[in-house]
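So the sequences go chain by chain: A and B. Note that our numbering gives residue 51 to position 51 of the first sequence, counting from 1, and the numbers run on in steps of one. Note that our numbering gives residue 495 to position 304 of the second sequence, counting from 1, and the numbers run on in steps of one.
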Amino acid sequence: MKARTQGRLLSALLCAGALVVAVATAATVSRSSVSYEPPAVTLVRADGKTVSLPRELDDGRPVLLNFIFTTCSSICPLTSRTLEEFQHKLGREAARVHLMSISIDPEQDTPGRLSAYARKFHAGPEWQYYTGTVAASLAAQRAFDVYRGEKMSHTPVTLMRAAPGKPWLRIEGFVTPDELVDDYRHLLTAP
Amino acid sequence: MPNEPRGAALAAALALSLLLWACALSAAPPGPSAGENLYRRGQLPSGEPVQALREGGATVRGADAACVNCHRRSGLGSSEGRITIPPIAGPYLFAPRGKSLEQLRIPFVDTARLNHDPYTDESLARAIREGVGANERPFNYLMPRYQIDDATMAELIAYLKEIKVAPSPGAGTSVLHFATIITPDADPVKRRGMLDVMNQYFVDKNNAAARTKAPTLYSSHTTMFRVERRWQLHVWELSGAPATWEAQLRKHLAAEPVFAVISGLGGSNWGPVHRFCEAQSLPCLFPNVEAPVGHDSDFYSVYFSRGVLLEAQLIARELAEAREPIRRVVQVFRAGDVGEQAARTLQAARTGSAQQIVSRVLKAHGASKDLDAALREVGPTDALVLWLRAQDLKALGAVPVTTSRVWISGEMGGLEQAPLPASWRAAARMAYPVDLPGRRVVRVDYALSWFRIRKIPVIAQQVQADTYLACGLVSETLNHMVDAFVREYLVERLEMALDHRALTGYYPRLTLAPGQRFASKGGYIVRFTEPQGPRVAALGDWITP
């Protein structure tokens, strides 16, 4: 009985907390430079090939990385559209940037579902989607500090790196396609 | 006078045509309103997709721009990460400033914000078109700016005003009514096992509720405690032919309006129940069904897994990856049992492969010599898929094993308890759509000790554990809902609550989302490790086909 009452009080407080947070986070974008150690896990690419995450990240090209799930109906369609526009705005240069989207709901997001999702966002060949075991996806999420407990708690994060060995640019929030292009050019010219 | 009969005939003709017209109207149910089409599908009255822009120029259109994606079918909003999406059902938009939800008798929703002037039709239209709220603050970047003409806007606003937030039928002020549905072809032992668990769960739930008095602390937030209602279970037992079930269910629902259907038990045909739940906008949560119907795009029916259909996909994957060539796949099932649906699913999954797929249909009931005859011409280059129940598996002892590639259904055979004869154990692999015995033991023990303490005999362990889990999930979800007893909101909150759940019974993980209606996605392929007994070993990792 007591536990029940406490549970309710807790949920009341949590609700109040959620409102405060909602007011505090109005579409702001923040950027930071971070070093990450990608885990040596294997993932399954949307084309069905089993690949190594570090090798996919270190293919020599600048890389842009985000985390999505295909049944996400609010945040992911927006961030995926932003990457689509980013590719479009880069034009022919888009072929020189490796875009990687890793599923945070890998059991649902089979290679087939990821391929359909990629087509919806007109992903060019240089934009690849990844699934795999729950453990592998979690390891990748944790390594890039995007794991938030469960898929419904995820936040929009875009990660960008000019070349292997360089630090990552971490962009939190809803970045616009134009801003993303600026970020990319700035990152390439940075010393 | 001569005019009179003509006049009467004319009147009769008019009456008849009016009647026909009325019949035509009632025969064709009205389609969704223009407002609903826009809200749920992102479709304009012209049939064109709605267009919207985001700050920075990105466009979004059609279904991707539909309000339902974020504000959900209930109109009560949602949250994703740190972003809260407020309710946009009329009462929340037009609520006068300075009053609490409780004063306004509007259900408590944790994403509701009343710190703005009440919207008017004009300010709401501006908000939707320009992304500026009633308090002149711009919306989050997530909210697109819609290009909608005045007439369509009026339709959309009319729809928002119509969204009901009052308690759905079956949610009374002191009682929450639930049903469970049992089809006439359901297994009688499982039926008893399931009802034992449900009846006891409802007794426990009501005893706990009776012990809890609304605390005086936070009395200004009485909405927080309106959730304590007695649970009442209605058992809807169907009879007769499946074609009559939907009508029977409509009658039950009219006589006993319920808020939702919890658990339930089917035989080989759950389709009529699924269709009834979708048509009546009635959540049907986690029935015990071996061959679920419906799609991820349906809304109200939610299942633990795809059951034997998932097994068919697991086996299809094995067949696709077979190292040595398989000339022919022979599927054996009894007419009218769920194996028939599983066999169809497997055949569809292997479309385009070089393997020939054939069916051997046994009579619905019959002697084991049928089985012998069906298997007689299976050779070493064939694969054999047996969609058979325990009794038939037992009878295999008298049948020689002629191929080393045999798959059996775990769900139908009884998982590791399947009485597979020793002579078949080396050749047979089992599709196993639940967690392995050793890994699920702690989670299932939780249910088993609940049964033990309450003296509930365990007669159909998985059905009983799943039923207990279904009741627990609904109870937990209702606790998150406070007093917003809206059927659609129940389904939406369940989608969100499920990821948190640690005690998931037979399943390693349960997750849902909009467009996900089968909570456990995968399974193992296992093999018996001993000539007798229930020891099995996985032949690989958990597979999500």
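Note that beta-carbon positions come from the ideal geometry of N, C-alpha and C, so glycine has one too. Quick caveat, the model's predicted, so the values are computed rather than measured.
- Query: On the three-pair Cβ rule with 8 Å, is the segment 499 to 508 of chain B touching the segment 606 to 615 of chain B?
  - Reply: no
- Mind checking K49(A): buried by the 16 CB within 10 Å criterion, or exposed? exposed
- Item | alpha helix (DSSP H) runs contained entirely in the segment 475 to 556 of chain B, provided each spans 4 or more residues | 499 to 511 and 529 to 540
- Run of the alpha helix (DSSP H) containing E353(B), from where it starts to where it stops: D341 to E353
- Message: Just to make sure I have the definition right: I need the residues of chain B whose C-beta is within less than 8 Å of the C-beta of V134(A). Which are they?
- Response: R700, listed in chain order.
- Same chain, Cβ closer than 6 Å to G588(B), neighbours up to 5 away in sequence not counted: P612
- Option nearest S614(B) by Cα separation, candidates G663(B), Q723(B) and Y680(B): For S614(B), the closest alpha carbon among the candidates G663(B), Q723(B) and Y680(B) is that of Q723(B).
- Item | Runs of alpha helix (DSSP H) wholly within the segment 570 to 600 of chain B (minimum 4 residues, chain order) | 581 to 586
- Task: Indicate the three-state DSSP secondary structure (helix, strand or coil) for T71(A) in the structure shown.
- Result: Residue state, collapsed to three classes: coil.
- For the 8 Å Cβ check, are there 3 or more pairs between the segment 101 to 110 of chain A and the segment 699 to 715 of chain B? Counting Cβ pairs under 8 Å, three or more are found: they touch.
- From the beta carbon of T158(A), is the nearest beta carbon of chain B less than 9 Å away? no
- Message: Only counting the same chain, and skipping five residues up and downstream in sequence, which positions put a Cβ closer than 7 Å to that of R634(B)?
- Response: Sequence-distant partners of R634(B) (beyond 5 residues in either direction) whose C-beta falls short of 7 Å from its own C-beta, in its chain, are L694, T695 and G696.
- Message: Rounding to the nearest angstrom, what Cα-Cα distance links K166(A) and A116(A) in this structure?
- Response: 33 Å
- Use the C-beta contact count for Q582(B): other C-beta atoms within 10 angstroms, 16 or more gives buried, fewer gives exposed. Counting Cβ neighbours within 10 Å, Q582(B) comes out exposed, since fewer than 16 surround it.
- Query: What residues from the segment 88 to 109 of chain A come within 8 Å of chain B, judged by C-beta to C-beta, listed N to C?
  - Reply: Listed by position along the chain: D105, P106, E107 and Q108.
- In three-state terms, what does DSSP make of S314(B)? helix
- Item | Alpha-carbon spacing of L14(A) relative to D301(B), whole angstroms | Only weak support is given to the placement of L14(A): the predicted model assigns it a pLDDT of 39, under 50, and the value that follows is read from those uncertain coordinates. About 9 Å.
- Message: On the CB-based measure, 16 or more other CB atoms within 10 Å of its CB, does G233(B) come out buried or exposed?
- Response: buried
- Can you give, in chain order, each stretch of the beta strand (DSSP E) that sits fully within the segment 126 to 171 of chain A and has at least 3 residues? Whole beta strand (DSSP E) segments, 3+ residues: 127 to 131 and 157 to 161.
- Thinking C-beta only, is F369(B) closer than 9 Å to Q439(B)? No. Outside cutoff.
- Considering only C-alpha positions, which residue in the set V632(B), E227(B), R273(B) and M389(B) is nearest to R263(B)? E227(B)
- According to DSSP, is Q423(B) helix, strand or coil? It is a strand residue.
- Item | chain B contact for D178(A) (CB, 9 Å cutoff) | yes
- Query: If you draw a straight line from the C-alpha of V499(B) to the C-alpha of D626(B), how long is it?
  - Reply: 15 Å
- DSSP state of L295(B), grouped into three classes? helix
- Task: Would you kindly work out how many angstroms separate the C-alpha atoms of H393(B) and F467(B), rounded to a whole number?
- Result: Checking the sequence shown, residue 393(B) turns out to be Phe, not His. Cα to Cα, the separation comes out at about 24 Å.
- Report yes if the CB atom of A503(B) is closer than 9 Å to the CB atom of R525(B), and no otherwise. no
- Message: Based on DSSP bridge pairs, tell me the residues matched to V717(B).
- Response: M621(B) and A729(B)
- Item | Option nearest R497(B) by Cα separation, candidates A511(B), T250(B), L315(B) and N479(B) | N479(B)
- Min CB distance H186(A) to chain B below 9 Å: no
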